[in-house]
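What follows is one structure encoded as structure tokens, with my remarks underneath.
Protein chains in written order, with the working numbering: chain A, 1 to 113; chain B, 1001 to 1110.
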């Protein structure tokens, strides 16, 4: 595996389900990010982790719960989501936080029914 | 005021022409700028980064940065149909957070 990988690529879940998104980076980076991309809106930063410590939570509802066990892995735990949470969820990594190039994974297309 | 602004397009250019994509930003403290290409249904792919005033060239792509006027542009020479995509401009402001524009959709016509 190279670059940034994400699983699953597609996910359909009901509003009462609990699911998790997984991200893994093979670039030796120290910073990882979760973004949400909805139609006609700019990419929205959700969470930032630096050396597995959370450095930013961009006012994300508590039904989204991130976890970063080490610098290579990032999870997004989902529970009691709303239909408006349907979007493309993207993971990215960079060598450090700040003005460094970010590389994205392929994303998880989430549909909440 | 949006932090990073782009014309949503679509910008239509004929094959072989130069495509010019523009972006303005509001945070004067922004230091680093990036252009990403995103094909429909895919994730953003980094194509250019620029950190200082002036031009930076990489193959058919040239990024231009003018910090005094707070704009960034991307020129694509000899445009190909495979260049048809949405181009996202992003900048890192004083909060060291990458902020994205909504993107410009480019269509290269035969």
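We put the CB at the ideal spot given by N, CA and C, even for glycine.
Cα separation between residue i and residue j?
i, j, result
"residue 34/A", "residue 67/A", "11 Å"
"residue 98/A", "residue 1093/B", "9 Å"
"residue 1064/B", "residue 58/A", "30 Å"
"residue 75/A", "residue 31/A", "13 Å"
"residue 1029/B", "residue 1023/B", "16 Å"
"residue 1075/B", "residue 1062/B", "5 Å"
"residue 27/A", "residue 3/A", "6 Å"
"residue 989/B", "residue 41/A", "In the structure displayed, chain B extends from 1001 to 1110; residue 989/B sits before or after that span and is not available."
Let's test the definition: count the other Cβ atoms within 10 Å of the Cβ of residue i and tell me whether it reaches 16, buried, or not, exposed.
i, result
"residue 1037/B", "buried"
"residue 1018/B", "exposed"
"residue 12/A", "exposed"
"residue 39/A", "exposed"
"residue 82/A", "exposed"
"residue 7/A", "exposed"
"residue 1110/B", "exposed"
"residue 10/A", "exposed"
Terminal residues of the continuous beta strand (DSSP E) containing residue i?
i, result
"residue 1067/B", "Careful: residue 1067/B lies outside any beta strand (DSSP E) and carries neither H nor E."
"residue 1051/B", "Here residue 1051/B belongs to no beta strand (DSSP E), and DSSP marks it neither H nor E."
"residue 1107/B", "1104-1109"
"residue 1076/B", "1071-1076"
"residue 4/A", "4-7"
"residue 112/A", "108-112"
"residue 16/A", "Taken as a continuous stretch (DSSP letters only), residue 16/A belongs to no beta strand (DSSP E), as it is neither H nor E."
"residue 1086/B", "1085-1092"
"residue 1013/B", "1011-1014"
Can you name the residues of chain A whose CB is closer than 7 Å to the CB of residue i?
i, result
"residue 1044/B", "104"
"residue 1049/B", "101"
"residue 1034/B", "101"
For residue i, return the contacting residues in chain A, with the cut-off set at a CB-CB distance below 8 Å.
i, result
"residue 1031/B", "99"
"residue 1101/B", "42"
Taking residue i as the query, report the chain A residues whose CB atoms sit under 9 Å from its CB, ordered along the chain.
i, result
"residue 1054/B", "Correct list: empty, because the minimum Cβ distance to chain A is about 17 Å."
"residue 1040/B", "Here the premise fails: no neighbours, minimum Cβ distance about 11 Å."
Name the chain B residues that come within less than 7 Å of residue i, Cβ to Cβ?
i, result
"residue 129/A", "The requested residue 129/A is not part of the displayed model; chain A covers only 1 to 113."
Closer than 9 Å by beta-carbon distance: list the chain B residues that pair up with residue i, in chain order.
i, result
"residue 90/A", "1043 and 1044"
"residue 45/A", "1097, 1098, 1099 and 1100"
Output, in chain order, the set of chain B residues within a Cβ distance shorter than 8 Å of residue i.
i, result
"residue 110/A", "Here the premise fails: no neighbours, minimum Cβ distance about 14 Å."
request  = Let me know the beta strand (DSSP E) ranges lying completely inside the segment 26-75 of chain A, each 3 residues or longer, listed in chain order.
outcome  = You should have 31-37, 44-50, 53-57 and 64-70.
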